[in-house]
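J.: Please see the structure below; I have some questions.
Number of protein chains: 2
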Amino acid sequence: MSSPAVLPSKRFSRENYHHGDLQVALIDAAIELVRKTGPDHLSLRAVAEQVGVSPSAVYHYFPDKDALISGVGDKLFVDLATMQREALSKVPGKSAKAAKLRYRELGRTYFRWANNEPNLFRLMFGGFCKVQKKGEHVADEAFIMLTNCLDDLLATGVISIGMRKYGELLSWSAVQGASTLIVEGHLPEEVFEELLDGLEIAMGAGRK
Amino acid sequence: MSSPAVLPSKRFSRENYHHGDLQVALIDAAIELVRKTGPDHLSLRAVAEQVGVSPSAVYHYFPDKDALISGVGDKLFVDLATMQREALSKVPGKSAKAAKLRYRELGRTYFRWANNEPNLFRLMFGGFCKVQKKGEHVADEAFIMLTNCLDDLLATGVISIGMRKYGELLSWSAVQGASTLIVEGHLPEEVFEELLDGLEIAMGAGRK
DNA sequence: TCGATATCTGAATAGTGTTCAGATTATGGG
DNA sequence: CCCATAATCTGAACACTATTCAGATATCGA
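Residue numbers (the numbering used here), protein chains in the order written: chain A, 1348 to 1555; chain B, 1348 to 1555.
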């Protein structure tokens, strides 16, 4: 019986073995592929191949493909917040002018993100990644940055007291909506600055 | 050679044959399945089976699965516009009060649609259906209804001349964005009416 | 009635997510 | 240093998917 008990060695090289960081490597590879193919049309096997690992290896870090995609989503939200933080840091100062600029940069960064990487934006807001606590927005950093911006605008007299309470809701919704509508081809790219104009005027003009 | 040249008859019954309307039957079935499974996770074969037809039959009406999904999207946009038209028709009159109610109903209908059928909403704005002419929003009915609403609001003095030019952009973006953020779990459902309040105040308060 | 045409099937191909037994490597305790 | 144990990855299999195409079936016009 020619039983080849011990084969020379398959493909268990150190290249693919013992990534201690296979989890993050998989997410990074997935991001790259989603960027090109879109959140649908993402192949688990392609992700595994990109990292140089067998498809089944993925299941040691994610229960299924959707969980991997959710992991991608989580990372993307962190990345977006990072870009917004960096954008804010470039416009320091306590003047009304600075506050206005920060507010606009916050929106611009959001839109630029969406417009530069439509597929990543779609993954974030297209029902692919499940948000853990429903309606618990208050915790995350991006929301806090917006709140701070609005407080500064109020302090410097740019926006009115009456509109302040609608600040986060109106700003986030408008920027989110315009980004979606532009990315999906329902509105031309140029209108985004126009939206920021309108938003600024609207916020500053509450009665009382 | 037992060659069963002419088998009694397979499954070419009149039930599945000669749908002259297979195209719309497929779209209707697809809508039902997307409602349950989401735009990703839609199976072409499942759609075909639901209609009672073989998978390959689909390819006589759509070049591929994505085209079928695009077809679904087109129908959904028509359906949404129909619901909005019906909502408007229930609030006739030329008074400021009526105009306000129409404006709110337009937004409410949009949101209710999104919130009742998240998966259909995701299909419409998640990059699944390709918009034919990029940035050509002006043509479609929904946009015209919004424009008429805003004109009425201006005529009855509810909104200011200064803000009128931002009307469509700000309203559509805000409603679209809030719907997305609520549907995806980033904001609680209750804030939508609050958004409409803020939007109304903001629109009415432009200087000049 | 017959031929042309629209319509649908069946089978095949290549690719997918997922599972699991087992092979390989790393680790820590003696 | 060595060996048992745990962590990690592979290979093959299964059921499912989209897509193609030759050919079978039904309908319609002359």
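Each residue gets a CB set at the ideal place from its N, CA and C atoms; glycine is no exception.
Bear in mind the structure is a predicted one, so any value in this text is a computation, not a measurement.
1) Residue range of the alpha helix (DSSP H) that LYS1447 (chain B) falls in?
2) Hey, is LEU1448 (chain B)'s beta-carbon within less than 8 Å of any beta-carbon in chain A?
3) Let me confirm a value: PRO1410 (chain B) is counted as buried when at least 16 other C-beta atoms fall within 10 Å, else exposed. Which label applies?
4) Quick one: grab the DSSP three-state call for SER1390 (chain B).
5) Given GLU1537 (chain B), which residues of its chain have a CB within under 6 Å of its CB, disregarding the five upstream and five downstream residues?
6) Any beta carbon of chain A sitting closer than 8 Å to that of PRO1465 (chain B)?
7) Using a Cβ-Cβ cut-off of less than 7 Å, give me the residues of the region 1416–1442 of chain B that come near chain A, in sequence order.
8) When burial is assigned at 16 or more other CB atoms within 10 Å of the CB, is ASP1387 (chain B) buried or exposed?
9) Quick check: what's the CA-CA separation for LEU1380 (chain A) versus GLU1488 (chain A)?
10) What does a CB cutoff of less than 8 Å around GLN1397 (chain A) pick up in its chain, not counting 5 residues either side in sequence?
11) State the DSSP-derived secondary structure class of HIS1533 (chain B), mapped to helix, strand or coil.
12) Is the CB-CB distance between GLU1464 (chain B) and LEU1493 (chain B) below 8 Å?
13) Would PHE1475 (chain B) pass as a contact of ILE1416 (chain B) if the rule is Cβ separation under 8 Å?
14) For VAL1425 (chain B), does the three-state DSSP call read helix, strand or coil?
15) Cβ of MET1492 (chain B) less than 8 Å from any chain A Cβ?
16) When the Cα of LEU1500 (chain A) is compared with those of A:GLN1523, A:ILE1529, A:LYS1441, which residue comes out closest?
17) May I ask you to report which of helix, strand or coil DSSP gives ILE1548 (chain B)?
18) Relative to the alpha-carbon of LEU1542 (chain B), which residue among A:HIS1366, A:LEU1470, A:LEU1528, A:TYR1513 has its alpha-carbon at the smallest distance?
19) Residues of the region 1370–1399 of chain B in Cβ contact with chain A at a cutoff of 8 Å, in chain order, please.
20) Exposed or buried, GLY1454 (chain B), counting other C-beta atoms within 10 Å across all chains shown (16 or more means buried)?
21) Verify the CB distance criterion: does LEU1546 (chain B) have a CB-CB separation below 8 Å to chain A?
22) Let me confirm a value: THR1429 (chain A) is counted as buried when at least 16 other C-beta atoms fall within 10 Å, else exposed. Which label applies?
23) Do LEU1373 (chain B) and TYR1406 (chain B) have their C-beta atoms closer together than 8 Å?
24) Go through its chain and collect everything with a Cβ distance to ALA1434 (chain B)'s Cβ below 6 Å, but skip five positions before and after it.
25) Do ILE1548 (chain A) and GLY1509 (chain B) have their C-beta atoms closer together than 8 Å?
26) Spatial neighbours of CYS1496 (chain B) within its chain, please: C-beta separation below 8 Å, excluding the five flanking residues on both sides.
27) Along the chain, where does the alpha helix (DSSP H) that runs through CYS1496 (chain A) open and close?
28) Pick out whichever of B:ALA1443, B:ILE1506, B:ALA1525 has its Cα sitting closest to the Cα of ASN1462 (chain B).
29) Quick one: which chain A residues come within Cβ less than 7 Å of VAL1478 (chain B)?
30) Does the separation of the CB atoms of PHE1458 (chain A) and VAL1522 (chain A) fall below 8 Å?
31) Is there a Cβ of chain B sitting closer than 8 Å to that of LEU1543 (chain A), yes or no?
32) Does the beta-carbon distance from ALA1552 (chain B) to ALA1414 (chain A) come in below 8 Å?
33) As a quick exercise: from A:TRP1460, A:VAL1400, A:GLU1540, pick the residue whose alpha carbon is nearest that of PHE1424 (chain A).
34) Please compile the residues from chain B whose C-beta is within a distance smaller than 9 Å of the C-beta of LEU1500 (chain A).
T.: On the basis of the data shown:
1) The residue given as residue 1447 (chain B) occupies position 100 in the second sequence. Looking at the DSSP string, the run of the alpha helix (DSSP H) that includes LYS1447 (chain B) is 1443–1463.
2) Here residue 1448 (chain B) refers to the residue found at position 101 when the second sequence is read from its first residue. Any Cβ of chain A closer than 8 Å to the Cβ of LEU1448 (chain B) would place that residue at the interface, and such an atom is absent.
3) Your numbering for residue 1410 (chain B) matches position 63 in the second sequence. Exposed.
4) Residue numbering aside, residue 1390 (chain B) sits at position 43 when the second sequence is read from its first letter. It is coil, neither helix nor strand.
5) One-based indexing of the second sequence puts residue 1537 (chain B) at position 190. Same-chain partners within the cutoff: there are none.
6) Walking along the second sequence from the start, residue 1465 (chain B) turns up at place 118. Yes, PRO1465 (chain B) counts as interfacial toward chain A.
7) none
8) Counting from 1 along the second sequence, the entry for residue 1387 (chain B) is found at position 40. By the C-beta density criterion, ASP1387 (chain B) is buried, having at least 16 other C-beta atoms within 10 angstroms.
9) On the first sequence, position 33 is the one that residue 1380 (chain A) refers to. On the first sequence, position 141 is the one that residue 1488 (chain A) refers to. CA-CA distance, LEU1380 (chain A) to GLU1488 (chain A), rounds to 27 Å.
10) Here residue 1397 (chain A) refers to the residue found at position 50 of the first sequence. Only ALA1376, GLU1379, LEU1380 meet the Cβ criterion.
11) Here residue 1533 (chain B) refers to the residue found at position 186 of the second sequence. Coil.
12) Within the second sequence, numbered from 1, the residue matching residue 1464 (chain B) stands at position 117. Within the second sequence, numbered from 1, the residue matching residue 1493 (chain B) stands at position 146. Contact flag unset, no.
13) Numbered from its first residue, the second sequence carries residue 1475 (chain B) at position 128. Numbered from its first residue, the second sequence carries residue 1416 (chain B) at position 69. A contact, by the Cβ cut-off of 8 Å.
14) If you number the second sequence from 1, residue 1425 (chain B) lands on position 78. Three-state DSSP puts VAL1425 (chain B) in a helix.
15) If you number the second sequence from 1, residue 1492 (chain B) lands on position 145. For MET1492 (chain B), the answer is no, since every Cβ of chain A falls outside 8 Å of its Cβ.
16) For this step, residue 1500 (chain A) is matched to residue 153 along the first sequence. With distances taken between Cα atoms, LEU1500 (chain A) lies closest to A:LYS1441.
17) Looking up residue 1548 (chain B) in the second sequence gives position 201. Residue state, collapsed to three classes: helix.
18) The sequence position of residue 1542 (chain B) within the second sequence is 195, counting from 1. Considering only alpha carbons, the answer is A:TYR1513.
19) GLY1385, PRO1386, ASP1387
20) Counted from its first residue, the second sequence places residue 1454 (chain B) at position 107. Within a 10 Å sphere around the beta-carbon of GLY1454 (chain B) sit 16 or more other beta-carbons, which makes this residue buried.
21) One-based indexing of the second sequence puts residue 1546 (chain B) at position 199. So yes, LEU1546 (chain B) belongs to the interface.
22) Translated into the one-based positions of the first sequence, residue 1429 (chain A) becomes position 82. Classification for THR1429 (chain A): exposed.
23) For this step, residue 1373 (chain B) is matched to residue 26 along the second sequence. For this step, residue 1406 (chain B) is matched to residue 59 along the second sequence. Judged by beta-carbon spacing, TYR1406 (chain B) lies beyond the 8 Å limit of LEU1373 (chain B), meaning their Cβ atoms are not closer than that value.
24) Position 87 of the second sequence, counted from the start, is the residue given in the question as residue 1434 (chain B). Correct list, in chain order: GLU1452, THR1456.
25) Numbered from 1 along the first sequence, position 201 holds the residue referred to as residue 1548 (chain A). Numbered from 1 along the second sequence, position 162 holds the residue referred to as residue 1509 (chain B). Between ILE1548 (chain A) and GLY1509 (chain B), the C-beta spacing is below 8 Å.
26) Indexing the second sequence from 1 puts residue 1496 (chain B) at position 149. Excluding residues within five positions, the ones whose Cβ falls inside 8 Å are LEU1435, ALA1446, ARG1449, TYR1450, LEU1453.
27) Taking the first sequence and counting its residues from 1, the one referred to as residue 1496 (chain A) is at position 149. Counting along the chain, the alpha helix (DSSP H) containing CYS1496 (chain A) begins and ends at 1488–1502.
28) To locate residue 1462 (chain B), count along the second sequence from 1; it is residue 115. Checked all of B:ALA1443, B:ILE1506, B:ALA1525; the closest Cα to ASN1462 (chain B) is B:ALA1525.
29) Here residue 1478 (chain B) corresponds to residue number 131 of the second sequence, with the count starting at 1. Correct list: GLU1531, GLY1532, HIS1533.
30) Counting from 1 along the first sequence, the entry for residue 1458 (chain A) is found at position 111. Counting from 1 along the first sequence, the entry for residue 1522 (chain A) is found at position 175. Yes, these two residues count as a Cβ contact at 8 Å.
31) The residue labelled residue 1543 (chain A) in the question sits at position 196 within the first sequence. No, LEU1543 (chain A) does not count as interfacial toward chain B.
32) Numbered from 1 along the second sequence, position 205 holds the residue referred to as residue 1552 (chain B). Numbered from 1 along the first sequence, position 67 holds the residue referred to as residue 1414 (chain A). Cβ atoms of ALA1552 (chain B) and ALA1414 (chain A): not closer than 8 Å.
33) Here the question's residue 1424 (chain A) lines up with position 77 in the first sequence. Answer by Cα proximity: A:TRP1460.
34) Residue mapping note: residue 1500 (chain A) aligns to position 153 of the first sequence, counting from 1. Those within 9 Å of LEU1500 (chain A) in chain B number zero; the least Cβ separation is about 14 Å.
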